[in-house]
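Novice: Next up is a structure, given as structure tokens.
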Amino acid sequence: SVVRTTLPRTLMYLYAYENTFSGDLDLSSLPATLERLYLSENTFSSSINITNLPRALKDFRMDTNALSGSLDLTHLPHSIENLNGCMNAFSGKLDLAHLPQSLKKLILFENQFCGNVDFTRLPPNLEYLTLLQNKLSGEISLTALPETLQHLSLQENAFCGDLDLTQLPRNLDTLTLQKNAFAGTLTMGEFPETFKDFAVRNGNDFQCVIDNGVMFQGTDGAAWAAALKRIALSNAH
982 SVVRTTLPRT
992 LMYLYAYENT
1002 FSGDLDLSSL
1012 PATLERLYLS
1022 ENTFSSSINI
1032 TNLPRALKDF
1042 RMDTNALSGS
1052 LDLTHLPHSI
1062 ENLNGCMNAF
1072 SGKLDLAHLP
1082 QSLKKLILFE
1092 NQFCGNVDFT
1102 RLPPNLEYLT
1112 LLQNKLSGEI
1122 SLTALPETLQ
1132 HLSLQENAFC
1142 GDLDLTQLPR
1152 NLDTLTLQKN
1162 AFAGTLTMGE
1172 FPETFKDFAV
1182 RNGNDFQCVI
1192 DNGVMFQGTD
1202 GAAWAAALKR
1212 IALSNAH
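Start counting the sequence shown at 982; every next residue gets the next number (this note's numbering).
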């Protein structure tokens, strides 16, 4: 394993991506000064413990490997800004309510995470969150997202129930929720002027849509046409 070798105690950057490294990952003895750790696109396997990462770590990328097991996000360094663990085989529940305040980008798509997710206590500086193509489920609340959030991708999971999109962050430009199990009421208000990519209808089965206080049946295309027109007008500003 690349990280079991003796590393300089003052090392700040470790780039080991796009290689053929394999085996288990032991991250328990990394230099305390390490700020960037890139292990993407190898064949590391087994589970991984990220509860004792270097305190100085800002950017950790372990995507596109064969890592599995649960992923404890409750003891990340207070300095971390970017965490990428997509395209692995991580499973178990996701605790997003105890992430460090410093986190700006969390990328965990194409794994096997399951269970309910709390989106009401995300870090205040979060800008990018993508959890698409997992097995996440249950009802969700998107009414208390951080104002800094620009990108939220939750498609291809099993989220269900009603969906309230009346209090989206003003900087949001991408919101993808298609191919879930929503089947209640979709409530929409004014969209952020930054909106560019909005996908929620395909693969869901809303019974009714409330668009700016006007109710439509779920099969009525008028609500969708009006919503898309408003997005187009916003993009024209």
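For glycine and all other residues, C-beta sits at the position ideal for the given N, C-alpha and C.
Can you list, in chain order, the residues of its chain whose CB lies under 6 Å from that of D1145, leaving out five sequence neighbours each side?
Specialist: Counting from 1 along the sequence shown, the entry for residue 1145 is found at position 164. Here the set comprises T1124, T1168.
Novice: If you follow the beta strand (DSSP E) that R1042 is in, where does it begin and where does it stop?
Specialist: Within the sequence shown, the letter at position 61 stands for residue 1042. Element bounds for R1042: 1040-1042.
Novice: For G1184, write down the residues that DSSP places opposite it in a beta bridge.
Specialist: Locating residue 1184 in the sequence shown gives position 203, counting from the first residue. Answer is none; G1184 lacks a bridge partner.
Novice: Excluding the five sequence neighbours on either side, which residues of its own chain have a C-beta within less than 6 Å of the C-beta of G1142, listed in chain order?
Specialist: For this step, residue 1142 is matched to residue 161 along the sequence shown. Counting only Cβ-Cβ distances below 6 Å, and skipping sequence neighbours, we find E1120, G1165.
Novice: Is it buried or exposed, A1206, if we count other Cβ atoms within 10 angstroms and call 16 or more buried?
Specialist: Taking the sequence shown and counting its residues from 1, the one referred to as residue 1206 is at position 225. Its Cβ having fewer than 16 others within 10 Å, A1206 is exposed.
Novice: May I ask you to report which of helix, strand or coil DSSP gives A1013?
Specialist: On the sequence shown, residue 1013 is found 32 positions in, with the first residue counted as 1. The answer is coil: DSSP assigns A1013 none of H, G, I, E or B.
Novice: If you reduce the DSSP assignment to three classes, tell me which class A1070 lands in.
Specialist: In the sequence shown, the residue the question calls residue 1070 occupies position 89. Three-state result, A1070: strand.
Novice: What are the start and end residues of the beta strand (DSSP E) that includes T1155?
Specialist: Along the sequence shown, read from residue 1 onward, the residue named residue 1155 stands at position 174. That run of the beta strand (DSSP E) goes 1155-1157.
Novice: Just how far apart, CA to CA, sit S1072 and T1175?
Specialist: The residue labelled residue 1072 in the question sits at position 91 within the sequence shown. The residue labelled residue 1175 in the question sits at position 194 within the sequence shown. Those two C-alpha atoms are separated by around 33 Å.
Novice: Find the nearest neighbour of T1129 within the set Q1136, L1113, E1108, K1116, judged by alpha-carbon distance.
Specialist: Counted from its first residue, the sequence shown places residue 1129 at position 148. Cα-wise, what sits closest to T1129 is E1108.
Novice: Less than 9 Å separating the beta-carbons of N1138 and N1115?
Specialist: One-based indexing of the sequence shown puts residue 1138 at position 157. One-based indexing of the sequence shown puts residue 1115 at position 134. Cβ atoms of N1138 and N1115: closer than 9 Å.
Novice: Return the chain-ordered list of same chain residues with a C-beta closer than 8 Å to the C-beta of S1049, the five sequence neighbours on each side being excluded.
Specialist: The count along the sequence shown starts at 1 and reaches residue 1049 at position 68. Contacts found: S1026, S1027, S1028, N1069, A1070, F1071, S1072.
Novice: Could you check how far apart the C-beta atoms of D1040 and E1016 are, in whole angstroms? I think they sit under 8 Å.
Specialist: Locating residue 1040 in the sequence shown gives position 59, where the first residue counts as 1. Locating residue 1016 in the sequence shown gives position 35, where the first residue counts as 1. D1040 to E1016, Cβ: 7 Å. Contact.
Novice: Under 9 Å between the Cβ atoms of S1134 and T1147?
Specialist: Translated into positions along the sequence shown, residue 1134 becomes position 153. Translated into positions along the sequence shown, residue 1147 becomes position 166. Contact: no.
Novice: If distances are taken between C-alpha atoms only, which option among S1009, S1021, S1083 comes closest to P1058?
Specialist: On the sequence shown, residue 1058 is found 77 positions in, with the first residue counted as 1. For the residues S1009, S1021, S1083, the minimum Cα distance to P1058 belongs to S1083.
Novice: What is the rounded straight-line gap between the Cα of I1088 and the Cα of L992?
Specialist: Counted from its first residue, the sequence shown places residue 1088 at position 107. Counted from its first residue, the sequence shown places residue 992 at position 11. I1088 and L992: Cα-Cα distance of roughly 25 Å.
Novice: Over what stretch of residues does the beta strand (DSSP E) that includes M1169 continue unbroken?
Specialist: In the sequence shown, residue 1169 corresponds to position 188, counting from 1. Note, M1169: beta strand (DSSP E), 1162-1169.
Novice: To the nearest angstrom, how far is it from the Cα of A1162 to the Cα of T1111?
Specialist: Within the sequence shown, residue 1162 is the residue found at index 181, counting from 1. Within the sequence shown, residue 1111 is the residue found at index 130, counting from 1. Using only the alpha carbons, I get a separation of about 18 Å.
Novice: For D1076, I'd like the list of residues in its chain whose CB is within less than 7 Å of its CB, leaving aside the five on either flank, ordered along the chain.
Specialist: By one-based count along the sequence shown, residue 1076 stands at place 95. Contacts found: L1054, T1055.
Novice: In chain order, which alpha helix (DSSP H) runs of at least 4 residues are fully inside the stretch 1114-1152?
Specialist: Whole alpha helix (DSSP H) segments, 4+ residues: zero.
Novice: Who are the Cβ neighbours of D1178 in its own chain at under 8 Å, not counting the five residues just before and after it?
Specialist: Locating residue 1178 in the sequence shown gives position 197, counting from the first residue. Only D1154, T1155, L1156, T1157 meet the Cβ criterion.
Novice: Tell me which same chain residues have a C-beta within less than 6 Å of the C-beta of I1191, skipping the five on either side of it?
Specialist: One-based indexing of the sequence shown puts residue 1191 at position 210. Result list for I1191: T1168, in chain order.
Novice: Take N1000 and list the residues in its own chain whose beta-carbon comes closer than 7 Å to its own, dropping the five residues that flank it on each side.
Specialist: Indexing the sequence shown from 1 puts residue 1000 at position 19. For N1000, where only same-chain residues beyond five positions count, the Cβ hits under 7 Å are N1023.
Novice: Per DSSP, A1078 forms a beta bridge with which residues?
Specialist: Within the sequence shown, numbered from 1, the residue matching residue 1078 stands at position 97. None, per the DSSP bridge assignment.
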